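K.L.:
In the numbering used here, the protein residues as written are 34 to 225. First the structure, then my questions, so here it is.
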């Protein structure tokens, strides 16, 4: 994992237990107002006291199991002679993985898969609690000159709320200062 991905993974591991505690609160379905007809999706009988759609897709037990399996695998690779760790819960497993993150990023063969699965768990939980991660917005094209012939990079630049700078994914040029951003705006190609 690169430094940026490692930092993102550390943040996600830190926030995951709190996020899944919020998911637990979303298991109680919203109540209908007076006079509203409540559909039961074709099933007869009373409504379940739990929102089964949430329970089926995203829940604390599933997240805890997934993170524990990752902890078991990391420990197996790092210390092959140790036995599997006991079940400890989502908080403890996320904290343990966070403490081992430096080794994971540098040595663990499945570090990318771990980061991807943690991101998936986060996105699913944020969807349920109504707090989706911010989306990147296209802001223009990179204006960096990439060779001595005057060729311009031209890659699409994106910005996510909260970022302090913009980095081109193709040529790695960083637009940080106000002057950089003004030049970026000034030299954008004219659209038809």
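Note that CB positions come from ideal geometry on N, CA and C, so glycine has one too. Treat the numbers as computed from the prediction; the structure is a model and nothing was measured.
1) Within the continuous alpha helix (DSSP H) that includes residue 115, where are the two ends?
2) Does DSSP put residue 67 in a helix, a strand or coil?
3) What three-state label does DSSP hand residue 170 in the structure shown?
4) What does residue 192 pair with, by DSSP beta-bridge criteria?
5) DSSP state of residue 208, grouped into three classes?
6) Under 7 Å between the Cβ atoms of residue 217 and residue 208?
7) Are residue 126 and residue 159 touching if we call contact CB-CB under 7 Å?
8) Assuming residue 107 and residue 133 form a contact by the criterion Cβ under 8 Å, report the distance between their Cβ atoms to the nearest whole angstrom.
9) Could you name the residues that DSSP lists as bridge partners for residue 200?
10) Tell me, please, which residues DSSP counts as bridged to residue 178.
11) Would you decide whether residue 102 is buried or exposed? Buried here means 16 or more other CB atoms lie within 10 Å of its CB.
12) Leaving out five residues on either side along the sequence, give the residues of the same chain with a beta carbon under 8 Å from the beta carbon of residue 147.
13) Using three-state DSSP, classify residue 34 as helix, strand or coil.
14) Looking only at C-alpha atoms, which of 170, 161, 50 sits nearest to residue 195?
15) Beta-carbon within less than 6 Å of residue 191's beta-carbon, same chain only, minus the 5 sequence neighbours each way: which residues are those?
16) Count the other C-beta atoms from every protein chain shown that fall within 10 angstroms of the C-beta of residue 66, then say buried if there are 16 or more, exposed otherwise.
P.N.:
Judging by the given coordinates:
1) Premise fails: residue 115 is in no alpha helix (DSSP H) and is neither H nor E.
2) Note that residue 67 scores a pLDDT of 44, beneath 50, so its modelled location is shaky; the value from the coordinates is reported in the next line. Correct three-state label for residue 67: coil.
3) Collapsing the DSSP output to three states places residue 170 in a strand.
4) Looking at the DSSP output, residue 192 shares a beta bridge with 170.
5) strand
6) yes
7) no
8) 6 Å
9) 207
10) 185
11) exposed
12) Sequence-distant Cβ neighbours of residue 147 in its own chain, meaning closer than 8 Å and more than five residues away, are 42, 103, 107, 130, 137, 141.
13) coil
14) Residue 170 is the option with its Cα nearest to residue 195.
15) Around residue 191: 169, 171.
16) For residue 66, the predicted structure reports a pLDDT of 45, less than 50, and the residue's modelled location is therefore unreliable. A value from the coordinates is still provided. Using a 10 angstroms sphere on the CB of residue 66, the tally of other CB atoms stays under 16, which defines it as exposed.
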